[in-house]
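First the structure, in the form of structure tokens, and then the observations on it.
In the numbering used here, the protein residues as written are -17 to 130.
Rendered as structure tokens:
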């Protein structure tokens, strides 16, 4: 129920985002103005709307993750990174979600990508270390030769 309410609020905010953040830019984008002015205004409106959408997606992803709806959370983190360059924190959050879902390989991939962006993020370094140790332990438990 709580996730549905959060989703409804996020969806409503997304539909009003163009009117809130960039009304002047949107008007200038549609106006009969020199092309350079019009393109600049359109770019500003698009950027503002993309940034708002990314923030809403990240908020919704966090809510989905709390509700243990991991597939939806991963989809929102992925969409946010498609719209805007990934950050270490977003990659870390998606990696944590993959890990919670039991997908260690993808979690490790996201952790490694996040570390390339911010090697000083201590919680990320700790999470990667423990995940790597888990993977090593799981590998040690596997037979050296496949069963025949």
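Don't be surprised by glycine CBs; every beta carbon is placed ideally from N, CA and C.
Buried/exposed call for residue 121, threshold 16 Cβ in 10 Å: Position 139 of the chain shown, counting from 1, holds the residue named residue 121. Classification of residue 121: exposed, given that the 10 Å Cβ count is below 16.
Indicate the three-state DSSP secondary structure (helix, strand or coil) for residue 85 in the structure shown. Position 103 of the chain shown, counted from the start, is the residue given in the question as residue 85. Coil.
Secondary structure of residue 3, DSSP reduced to three states: The residue you call residue 3 lines up with position 21 of the chain shown. Here the model assigns residue 3 a pLDDT of 44, short of 50, so the residue's position is not dependable and the matter cannot be decided.
Below 7 Å CB to CB, which residues in the same chain sit around residue 87 once its five sequence neighbours on both sides are set aside? Locating residue 87 in the chain shown gives position 105, where the first residue counts as 1. Within the same chain, residue 87 has no close Cβ partners at all.
Local conformation of residue 14 per DSSP, three classes: The count along the chain shown starts at 1 and reaches residue 14 at position 32. Residue 14: coil per DSSP, three-state reduction.
Check whether the Cβ atoms of residue 75 and residue 58 sit closer than 8 Å, and answer yes or no. On the chain shown, position 93 is the one that residue 75 refers to. On the chain shown, position 76 is the one that residue 58 refers to. For residue 75 and residue 58, no; Cβs fall outside 8 Å.
Rounded separation between residue 92 and residue 15 - CA only: Along the chain shown, one-based indexing puts residue 92 at 110. Along the chain shown, one-based indexing puts residue 15 at 33. Residue 92 and residue 15: Cα-Cα distance of roughly 45 Å.
Run the proximity test for residue 37: is its beta-carbon closer than 7 Å to any non-hydrogen atom belonging to the ligand FAD? Here there are no bound small molecules, and the ligand FAD is not part of this structure.
Measuring straight from C-alpha to C-alpha, what distance separates residue 51 and residue 71? The sequence position of residue 51 within the chain shown is 69, counting from 1. The sequence position of residue 71 within the chain shown is 89, counting from 1. Answer to the nearest angstrom: the Cα atoms are 19 Å apart.
Residues in the same chain with beta-carbon distance under 7 Å from residue 23, minus the five sequence neighbours each way, listed in chain order, please. Along the chain shown, one-based indexing puts residue 23 at 41. 7, 10, 11, listed in sequence order.
Could you round the C-beta distance between residue 110 and residue 65 to whole angstroms and report it? I think they count as a contact, below 8 Å. Within the chain shown, the letter at position 128 stands for residue 110. Within the chain shown, the letter at position 83 stands for residue 65. Not really, about 26 Å apart at Cβ, beyond 8 Å.
Drop a sphere of 10 angstroms on the beta-carbon of residue 25, count the other beta-carbons inside from all chains shown, and report buried for 16 or more, exposed for fewer. Taking the first residue of the chain shown as position 1, residue 25 is located at position 43. Result: exposed.
Assuming the contact rule is C-beta atoms closer than 8 Å, residue 56 and residue 32 should be a hit. Round their C-beta distance to whole Å, please. Taking the first residue of the chain shown as position 1, residue 56 is located at position 74. Taking the first residue of the chain shown as position 1, residue 32 is located at position 50. Their Cβ separation, rounded to whole angstroms, is 20 Å, which puts residue 56 and residue 32 out of contact at 8 Å.
Expressed to the nearest angstrom, what Euclidean distance is found between the alpha-carbon atoms of residue 134 and residue 46? Outside the displayed span of the chain (-17 to 130) sits residue 134, for which this structure offers no information.
Enclosing alpha helix (DSSP H) for residue 58 [first to last residue]: Along the chain shown, one-based indexing puts residue 58 at 76. Note, residue 58: alpha helix (DSSP H), 52 to 65.
With DSSP collapsed to three states, give me the class of residue 49. The count along the chain shown starts at 1 and reaches residue 49 at position 67. The answer is coil: DSSP assigns residue 49 none of H, G, I, E or B.
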